[in-house]
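Number of protein chains: 2
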Amino acid sequence: MRAAVFNGPGSVTVAERPDPKIEAPTDAIVRVVLSCVCGSDLWYYRGLTPHEHGSIGHEFIGTVEEVGADVAGLPIGGLVIAPFIFSDGSCPHCRNGSTISCTQGGIFGNGTFDGGQGEAVRVPLAASTLVPVPGTGYSEAMLRSLLTLSDVMGTGHHANVSAGVGRGSVVAVVGDGAVGLCAVIAARRLGAARIVVLSRNPERQQLARDFGATDVVAERGEAADEILLAMTGGTGVDAALECVGTDQSIATAFAVARPGSNVGIVGIPHGAVPVTEAFFRNVGWRGGPAPTRLYIPELLDDVLTGAIDPGRVFTYEADLEHVADAYEAMDTRRAIKSLVRVGGP
Amino acid sequence: MRAAVFNGPGSVTVAERPDPKIEAPTDAIVRVVLSCVCGSDLWYYRGLTPHEHGSIGHEFIGTVEEVGADVAGLPIGGLVIAPFIFSDGSCPHCRNGSTISCTQGGIFGNGTFDGGQGEAVRVPLAASTLVPVPGTGYSEAMLRSLLTLSDVMGTGHHANVSAGVGRGSVVAVVGDGAVGLCAVIAARRLGAARIVVLSRNPERQQLARDFGATDVVAERGEAADEILLAMTGGTGVDAALECVGTDQSIATAFAVARPGSNVGIVGIPHGAVPVTEAFFRNVGWRGGPAPTRLYIPELLDDVLTGAIDPGRVFTYEADLEHVADAYEAMDTRRAIKSLVRVGGP
Numbered sequence: 001m002r003a004a005v006f007n008g009p010g011s012v013t014v015a016e017r018p019d020p021k022i023e024a025p026t027d028a029i030v031r032v033v034l035s036c037v038c039g040s041d042l043w044y045y046r047g048l049t050p051h052e053h054g055s056i057g058h059e060f061i062g063t064v065e066e067v068g069a070d071v072a073g074l075p076i077g078g079l080v081i082a083p084f085i086f087s088d089g090s091c092p093h094c095r096n097g098s099t100i101s102c103t104q105g106g107i108f109g110n111g112t113f114d115g116g117q118g119e120a121v122r123v124p125l126a127a128s129t130l131v132p133v134p135g136t137g138y139s140e141a142m143l144r145s146l147l148t149l150s151d152v153m154g155t156g157h158h159a160n161v162s163a164g165v166g167r168g169s170v171v172a173v174v175g176d177g178a179v180g181l182c183a184v185i186a187a188r189r190l191g192a193a194r195i196v197v198l199s200r201n202p203e204r205q206q207l208a209r210d211f212g213a214t215d216v217v218a219e220r221g222e223a224a225d226e227i228l229l230a231m232t233g234g235t236g237v238d239a240a241l242e243c244v245g246t247d248q249s250i251a252t253a254f255a256v257a258r259p260g261s262n263v264g265i266v267g268i269p270h271g272a273v274p275v276t277e278a279f280f281r282n283v284g285w286r287g288g289p290a291p292t293r294l295y296i297p298e299l300l301d302d303v304l305t306g307a308i309d310p311g312r313v314f315t316y317e318a319d320l321e322h323v324a325d326a327y328e329a330m331d332t333r334r335a336i337k338s339l340v341r342v343g344g345p
Numbered sequence: 346m347r348a349a350v351f352n353g354p355g356s357v358t359v360a361e362r363p364d365p366k367i368e369a370p371t372d373a374i375v376r377v378v379l380s381c382v383c384g385s386d387l388w389y390y391r392g393l394t395p396h397e398h399g400s401i402g403h404e405f406i407g408t409v410e411e412v413g414a415d416v417a418g419l420p421i422g423g424l425v426i427a428p429f430i431f432s433d434g435s436c437p438h439c440r441n442g443s444t445i446s447c448t449q450g451g452i453f454g455n456g457t458f459d460g461g462q463g464e465a466v467r468v469p470l471a472a473s474t475l476v477p478v479p480g481t482g483y484s485e486a487m488l489r490s491l492l493t494l495s496d497v498m499g500t501g502h503h504a505n506v507s508a509g510v511g512r513g514s515v516v517a518v519v520g521d522g523a524v525g526l527c528a529v530i531a532a533r534r535l536g537a538a539r540i541v542v543l544s545r546n547p548e549r550q551q552l553a554r555d556f557g558a559t560d561v562v563a564e565r566g567e568a569a570d571e572i573l574l575a576m577t578g579g580t581g582v583d584a585a586l587e588c589v590g591t592d593q594s595i596a597t598a599f600a601v602a603r604p605g606s607n608v609g610i611v612g613i614p615h616g617a618v619p620v621t622e623a624f625f626r627n628v629g630w631r632g633g634p635a636p637t638r639l640y641i642p643e644l645l646d647d648v649l650t651g652a653i654d655p656g657r658v659f660t661y662e663a664d665l666e667h668v669a670d671a672y673e674a675m676d677t678r679r680a681i682k683s684l685v686r687v688g689g690p
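Respectively, the protein sequence lines represent chains A and B.
In terms of our numbering, the first sequence has 324 at position 324, counting the first letter as 1, and numbering is strictly consecutive.
In terms of our numbering, the second sequence has 669 at position 324, counting the first letter as 1, and numbering is strictly consecutive.
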């Protein structure tokens with residue numbers, strides 16, 4: 001089959017890889033329809049985080065082509081969403097809600113396991129990993145939104161859940177990437193009263209407003225901190241969502257979080273956390289890779305009814321043969337998030 | 346009046362300080378009955394954290410001697426518990442449950458405000474700060490337990506609340522100081538199913554068991570981590586309570602916390618937090634100085650019924666004139682916590 005291959009920093013090409021086959025009775029083979037490029041793929045692309053040579057891409061939706069003998073509940077030909085981590089759903093960590101730490105789990109596209117940026121994927125632990133999508137005849141817009149449930153929409157949701165966002169919360173979203181924008185959708189969905197997004201890009205500002213942001217702050221660093229504190233009468237926000245992971249974004253999230261609140265961290269932290277200051281203000285910190293498998297069912301309902309349309313974060317599209325362009329568009333920030341079109345539903 | 350004075354690292358003496366007087370209509374004057382030395386006082390004593398020359402001590406119970414014109418609800422002569430921070434109870438932070446960040450608040454014994462280690466204290470914002478104790482004729486044991494509600498018992502409780510301990514939780518308490526031991530009491534009170542305390546001191550091990558610890562681990566560092574993981578079938582604990590604040594104790598708390606759980610931090614962090622590892626395991630971190638004012642009412646009930654007896658953490662006693670001995674006993678770890686007897690009830 002044709003699939004994207006990570007050759008090293010700055011180089012993702014398309015090449016032949018072995019056709020996936022059922023290797024265990026719990027496997028399924030999924031024919032990929034849509035895939036995309038993740039912000040974390042960019043860390044590999046930029047050489048900031050190591051990644052094995054080989055398969056890449058961990059977000060995809062597709063149709064079930066074949067299932068192992070022990071796989072129930074996944075009709076052949078049906079559309080499925082793959083969370084970026086496969087998991088057994090039954091180990092202690094899965095039962096505790098941490099599917100990302102599943103003792104039998106793993107991540108797609110890590111160099112060895114098939115990646116979503118390819119024609120087909122062998123999905124281990126398929127019955128407990130894949131979520132079937134009910135119905136047929138999905139619109140292009142809906143397919144794009146379904147794809148976001150694989151990672152980015154669930155990750156934005158996780159930032160909110162981690163920070164304890166609820167009805168009436170005042171939320172600051174630090175980051176206007178696809179995760180930050182999905183965090184806006186999730187905050188609105190959870191009933192936040194005020195959602196302030198930090199962005200100085202007009203296209204992203206507009207999308208944030210469309211998604212439910214009530215305020216946009218274009219400043220950065222200490223200037224942004226001061227504005228956010230002033231907007232809240234000096235108190236700070238009920239929940240600061242850290243969706244970037246740099247020194248500056250982490251500093252801002254902790255600076256604007258009110259005493260006793262939690263910073264929801266979903267950007268891989270590459271910067272310093274102000275541990276002592278946070279301690280004396282009782283500002284907690286929660287988050288990590290999202291257990292999207294657990295979030296897909298509730299978010300799926302809202303996608304299918306059209307209540308949320310996170311697929312709008314895809315502002316660039318390439319076919320699989322041009323996956324390198326998809327990376328380049330995100331790397332240069334021309335695209336909020338790049339879609340990779342692989343097959344038809 | 347006579348009061349302890351912090352002269353600099355290693356030197357706490359008793360000297361004359363001005364008699365406190367009502368300065369604002371919201372003030373009260375409290376005649377101190379019992380005070381004590383806090384683990385955080387030791388950081389000052391050891392020169393590891395700066396402290397102004399002057400008053401010291403932030404934990405005390407006493408009787409109301411005089412109140413300002415605006416103070417209601419505090420009968421003259423009645424016994425009161427002072428949380429270590431005074432607070433107005435009405436600012437945004439207080440309403441959010443973070444009395445320690447009260448916009449009008451402050452800490453007793455900071456060099457300027459009267460300290461608990463003295464004959465009397467001017468208490469600002471008295472009506473919203475002091476908690477009257479119902480009844481009369483308290484036993485010596487009960488008075489000691491009431492004193493712990495000023496800080497140490499509330500701090501142990503805060504570690505549990507921060508980490509989300511509830512019915513059935515498996516809890517690791519890292520630290521066998523007075524805070525760690527009170528954290529054991531609080532964990533049991535909240536319904537934890539298993540409470541493992543890290544201690545290699547026989548006296549503290551026994552007290553921990555008396556307070557409800559189900560297991561004691563005498564090892565430290567990676568050896569302790571391995572034992573705790575083995576005890577939980579490799580999963581880790583539902584809540585790790587960090588009650589020390591050193592590199593080693595922080596490392597152990599994060600190492601043994603299961604994915605998706607929270608480390609409750611109440612030891613002032615003087616060590617490194619493993620940010621990246623915690624992120625990838627979705628281990629959160631919550632805590633800080635305890636809002637003891639909020640916790641006193643519920644804990645007070647349990648002290649008055651005898652359901653909990655945290656006063657047993659006081660294993661050394663000095664009168665005010667010998668406050669230096671109280672510090673020395675804790676500094677050398679001869680005492681778990683030192684009581685300072687000031688007056689009679």
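The beta carbon of each residue, even a glycine, is placed where N, CA and C say it ideally should be.
Nothing here was measured: the structure is a model prediction, and the numbers come from that model.
(message) Distance check for His403/B and Phe659/B, CA to CA, integer angstroms please.
(response) Position 314 of the second sequence, counted from the start, is the residue given in the question as residue 659/B. Position 58 of the second sequence, counted from the start, is the residue given in the question as residue 403/B. Going from the Cα of Phe659/B to the Cα of His403/B covers about 16 Å.
(message) With a threshold of 7 Å between beta carbons, is Gly605/B in contact with chain D?
(response) Of the protein chains in the structure, A and B, none is chain D.
(request) Run the CB neighbour count on Ile76/A, radius 10 Å, all protein chains shown included, and call it buried at 16 or more, exposed below. (result) Residue mapping note: residue 76/A aligns to position 76 of the first sequence, counting from 1. A residue is called buried when at least 16 other Cβ atoms come within 10 angstroms of its Cβ; Ile76/A does not meet this threshold and is exposed.
(request) Helix, strand or coil for Asp70/A, going by three-state DSSP, please let me know. (result) For this step, residue 70/A is matched to residue 70 along the first sequence. Here DSSP, grouped into helix, strand and coil, assigns Asp70/A to coil.
(message) With distance defined between alpha-carbon atoms, name the residue in Ser473/B, Phe405/B, Thr577/B, Gly423/B nearest to Val687/B.
(response) Counting from one through the second sequence, the residue named residue 687/B turns up at place 342. Out of Ser473/B, Phe405/B, Thr577/B, Gly423/B, Phe405/B has the C-alpha closest to the C-alpha of Val687/B.
(request) Please check if any C-beta of chain A sits within less than 7 Å of the C-beta of Trp388/B. (result) Position 43 of the second sequence, counted from the start, is the residue given in the question as residue 388/B. Taking Cβ atoms only, chain A never reaches closer than 7 Å to Trp388/B, which makes this a no.
(request) Determine the contact status of Thr99/A and Arg293/A, defining contact as a CB-CB distance below 7 Å. (result) Counting from 1 along the first sequence, the entry for residue 99/A is found at position 99. Counting from 1 along the first sequence, the entry for residue 293/A is found at position 293. Closer than 7 Å, so yes.
(request) Measure from the C-beta of Pro428/B to each C-beta in chain A and report whether the shortest distance is under 7 Å. (result) As a position in the second sequence, residue 428/B is number 83, starting the count at 1. It does not: the Cβ of Pro428/B has no partner Cβ on chain A nearer than 7 Å.
(message) With a threshold of 7 Å on Cβ separation, who are the neighbours of Ala183/A within its own chain once the five nearest residues in sequence on each side are excluded?
(response) Taking the first residue of the first sequence as position 1, residue 183/A is located at position 183. If you ignore the 5 residues before and after Ala183/A, its C-beta comes within less than 7 Å of the C-beta of Gly156, Ala159, Asn160, Val173, Leu241, Cys243, all in its own chain and listed in chain order.
(message) Taking 7 Å as the threshold (C-beta atoms), are Ala335/A and Val12/A in contact?
(response) The residue you call residue 12/A lines up with position 12 of the first sequence. The residue you call residue 335/A lines up with position 335 of the first sequence. Cβ distance not < 7 Å, so Val12/A and Ala335/A don't count as in contact.
(message) Tell me the residue span of the alpha helix (DSSP H) that contains Phe280/A.
(response) Here the question's residue 280/A lines up with position 280 in the first sequence. That run of the alpha helix (DSSP H) goes 275 to 280.
(request) Enumerate, from N- to C-terminal direction, the unbroken beta strand (DSSP E) stretches of 3 or more residues contained entirely within the region 100 to 163 of chain A. (result) List check, beta strand (DSSP E) in window: 120 to 123.
(request) Output, in chain order, the set of chain A residues within a Cβ distance shorter than 8 Å of His438/B. (result) In the second sequence, the residue the question calls residue 438/B occupies position 93. Correct list: Thr235, Arg258, Pro259, Gly260.
(request) Run down chain B in chain order and give the residues with a C-beta less than 9 Å from the C-beta of Val323/A. (result) Taking the first residue of the first sequence as 1, we reach residue 323/A at position 323. Near Val323/A there are no residues of chain B at all, since even the closest Cβ is about 26 Å away, more than 9 Å.
(request) Go through the region 197 to 283 of chain A residue by residue and report every complete run of the alpha helix (DSSP H) that reaches 4 residues or more, in order. (result) Entirely contained in the region 197 to 283 of chain A, the alpha helix (DSSP H) runs reaching 4 residues are, in chain order, 202 to 211, 221 to 231, 247 to 256, 275 to 280.
(request) Flag this pair as yes or no: are the beta carbons of Val425/B and Pro477/B separated by less than 7 Å? (result) The residue labelled residue 425/B in the question sits at position 80 within the second sequence. The residue labelled residue 477/B in the question sits at position 132 within the second sequence. Judged by beta-carbon spacing, Pro477/B lies within the 7 Å limit of Val425/B, meaning their Cβ atoms are closer than that value.
(message) Excluding the 5 residues flanking Arg549/B on each side, which residues of the same chain have their C-beta closer than 6 Å to its C-beta?
(response) Here residue 549/B corresponds to residue number 204 of the second sequence, with the count starting at 1. Answer for Arg549/B: Asp521, listed in chain order.
(request) Identify each residue in the region 102 to 115 of chain A for which the Cβ-Cβ distance to at least one residue of chain B is less than 7 Å, and report them in chain order. (result) Within the region 102 to 115 of chain A, contact with chain B at the beta-carbon level (separation under 7 Å) is assigned to no residue.
(message) If we define contact as Cβ-Cβ less than 7 Å, is Val506/B a contact residue for chain A?
(response) What you label residue 506/B is simply residue 161 of the second sequence in a count that begins at 1. False, the Cβ-Cβ gap to chain A never drops below 7 Å.
(request) Find the nearest neighbour of Gln248/A within the set Arg209/A, Gly8/A, Ala223/A, judged by alpha-carbon distance. (result) Start at 1 with the first residue of the first sequence, and residue 248/A comes out as number 248. Ranking Arg209/A, Gly8/A, Ala223/A by Cα distance to Gln248/A puts Ala223/A first.
(message) Give me the chain B residues within the contact set of Pro297/A, using Cβ-Cβ distance strictly less than 7 Å, ordered along the chain.
(response) Within the first sequence, numbered from 1, the residue matching residue 297/A stands at position 297. None at all; the shortest Cβ gap to chain B is about 18 Å.
(message) Output needed for Gly616/B: all residues of its chain with C-beta closer than 6 Å, excluding positions within five of it in sequence on either side, in chain order.
(response) Counting from 1 along the second sequence, the entry for residue 616/B is found at position 271. Apart from sequence neighbours up to five positions away, the residues of its chain that approach Gly616/B with a beta-carbon distance below 6 Å are Thr591, Asp592, Ile595, ordered along the chain.
(request) Just confirm the distance between the C-beta atoms of Val263/A and Val618/B, as a whole number of angstroms; I'd bet it's less than 8 Å. (result) The residue you call residue 263/A lines up with position 263 of the first sequence. The residue you call residue 618/B lines up with position 273 of the second sequence. Taking 8 Å as the upper bound for CB-CB distance, Val263/A and Val618/B are not in contact here, some 13 Å apart.
(message) With DSSP as the reference, identify every bridge partner of Glu65/A, one or two as the case may be.
(response) As a position in the first sequence, residue 65/A is number 65, starting the count at 1. Beta-bridge partners assigned by DSSP to Glu65/A: none are found.
(message) Considering just the uninterrupted stretch of the alpha helix (DSSP H) at Glu328/A, what are its terminal residues?
(response) As a first step, residue 328/A is located in the first sequence; it is residue number 328 there, counting from the start. In the DSSP assignment, Glu328/A falls within the unbroken alpha helix (DSSP H) covering 323 to 331.
(message) Rounded to the nearest angstrom, what separates Gln551/B and Ser435/B at their Cα positions?
(response) For the purposes of this step, residue 551/B is identified with residue 206 of the second sequence, where counting begins at 1. For the purposes of this step, residue 435/B is identified with residue 90 of the second sequence, where counting begins at 1. Roughly 42 Å separates the two Cα atoms.
(message) Rounded to whole angstroms, what is the Cα-Cα separation between Ala427/B and Glu464/B?
(response) The count along the second sequence starts at 1 and reaches residue 427/B at position 82. The count along the second sequence starts at 1 and reaches residue 464/B at position 119. One alpha carbon belongs to Ala427/B, the other to Glu464/B, and they sit about 14 Å apart.
(message) Would you say Arg631/B lies against chain A (beta-carbon separation less than 7 Å)?
(response) For the purposes of this step, residue 631/B is taken as the residue at position 286 of the second sequence. Yes, because at least one Cβ of chain A sits closer than 7 Å to the Cβ of Arg631/B.
(message) Against Phe280/A, what residues of chain B qualify as contacts under a CB-to-CB distance less than 9 Å, listed in chain order?
(response) In the first sequence, residue 280/A corresponds to position 280, counting from 1. Within 9 Å Cβ-Cβ: Ile445, Ser446, Ile613, Gly633, Pro634.
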